[in-house]
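Working notes for the structure below.
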Ligand code: HPA
């Protein structure tokens with residue numbers, strides 16, 4: 010376990026060092042070790058900076074999401090290829106104008122394609138069905154969305170919705186880290202399910218049903234990537 014001091018303040022938790030299969034990995038729970046840090050309060054800059062300082066070159070972001078379009082029903086695993094950012098008020102860049110080194114990073118493809126392909130291959134080799142594309146809409150949270158907001162996201166082209174994908178992906182790019190995300194659908198997004206309101210119970214039950222499959226994919230990706 011390593012507590013890292015960063016120029017951006019405190020990380021969500023200490024960085025854990027471990028092994029997955031034969032590979033050495035780092036783990037940093039972005040919501041904190043006791044899951045108390047809400048999505049809008051996560052210090053994304055500190056977390057990614059700390060991972061890089063500990064030697065990370067590639068980052069896999071695990072993402073529980075709500076499903077918007079038909080293919081993204083609960084329990085589906087997905088590797089998104091695009092993002093639309095609806096978040097606000099988050100520290101979203103390393104470039105604050107206090108030094109001369111401004112860079113406008115390219116985010117045409119917000120995820121590293123090689124890492125995405127490794128995740129998709131890992132799904133195949135571990136026998137897990139996966140949707141190998143999709144647009145991730147990043148919302149502010151911590152509340153869930155209104156049904157009208159989800160319809161707007163759908164009109165915009167979003168397939169799934171989550172609260173932590175941005176600014177994480179953009180900051181990873183600014184830091185030169187290769188970044189991809191493994192998403193798992195834990196509920197139908199607001200207004201998309203049959204049952205009316207979204208309950209924490211359904212989210213937790215679907216999450217439980219995804220955990221083993223996500224771990225199987227991570228074991229497999231450790232062999233490949
Ligand atoms: N909306 C936003 N974030 C989420 C959801 C959702 O429905 N489910 C899991 N994370």
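In the numbering used here, the protein residues as written are 10 to 234. Here a beta-carbon is modelled for each residue, glycine too, at the ideal position from N, C-alpha and C.
Can you tell me which of 29, 143, 159 puts its alpha carbon nearest to the alpha carbon of residue 199? Your numbering for residue 199 matches position 190 in the chain shown. Residue 199 has its Cα closest to that of 159, out of 29, 143, 159.
Look at the alpha carbon of residue 124 and the alpha carbon of residue 76, and state the distance between them as a whole number of angstroms. For the purposes of this step, residue 124 is taken as the residue at position 115 of the chain shown. For the purposes of this step, residue 76 is taken as the residue at position 67 of the chain shown. Each residue's alpha carbon lies about 23 Å from the other.
Thinking residue 86 and residue 121 are a contact (beta carbons under 8 Å), I'd like their distance in whole angstroms, please. For the purposes of this step, residue 86 is identified with residue 77 of the chain shown, where counting begins at 1. For the purposes of this step, residue 121 is identified with residue 112 of the chain shown, where counting begins at 1. At roughly 18 Å, the Cβ-Cβ gap does not stay under 8 Å, so residue 86 and residue 121 are not in contact.
Distance cut-off 6 Å: residue 71 Cβ against heavy atoms of ligand 1: In the chain shown, counting from the first residue as 1, residue 71 sits at position 62. No, the beta carbon of residue 71 sits no closer than 6 Å to any heavy atom of ligand 1.
Output needed for residue 21: all residues of its chain with C-beta closer than 7 Å, excluding positions within five of it in sequence on either side, in chain order. Position 12 of the chain shown, counting from 1, holds the residue named residue 21. Counting only Cβ-Cβ distances below 7 Å, and skipping sequence neighbours, we find 37, 38, 39, 40, 41, 46, 51, 52, 56.
From 138, 130, 184, 68, pick the residue whose C-alpha is nearest to that of residue 83; which is it? Counted from its first residue, the chain shown places residue 83 at position 74. It is 138 whose Cα lies nearest to the Cα of residue 83.
Measure the alpha-carbon distance for residue 26 versus residue 161 and round it to whole angstroms. Along the chain shown, one-based indexing puts residue 26 at 17. Along the chain shown, one-based indexing puts residue 161 at 152. Those two C-alpha atoms are separated by around 41 Å.
Closer than 7 Å between the C-beta and any heavy atom of ligand 1: which residues qualify, listed along the chain? 73, 74, 75, 148, 150, 153, 154, 170, 171, 172, 195, 196, 198, 199, 207, 212
Could you check which residue in 153, 102, 106, 141 has the C-alpha nearest to that of residue 209? As a first step, residue 209 must be located in the chain shown, where it is residue number 200. When each option's Cα is compared against that of residue 209, the closest is 153.
Quick one: measure Cβ to Cβ for residue 116 and residue 179, integer angstroms, because I've assumed they're closer than 8 Å. In the chain shown, counting from the first residue as 1, residue 116 sits at position 107. In the chain shown, counting from the first residue as 1, residue 179 sits at position 170. About 6 Å; that satisfies the 8 Å criterion.
Please state whether the Cβ-Cβ distance between residue 24 and residue 91 is less than 7 Å. The residue labelled residue 24 in the question sits at position 15 within the chain shown. The residue labelled residue 91 in the question sits at position 82 within the chain shown. Cβ distance not < 7 Å, so residue 24 and residue 91 don't count as in contact.
Inspect the CB distances between the stretch 92-104 and the stretch 173-188 and report whether three or more fall short of 8 Å. yes
Nonlocal neighbours in the same chain, by C-beta distance under 6 Å from residue 32, ignoring five residues either side: Against the chain shown, residue 32 aligns to sequence position 23. Answer for residue 32: 231, listed in chain order.
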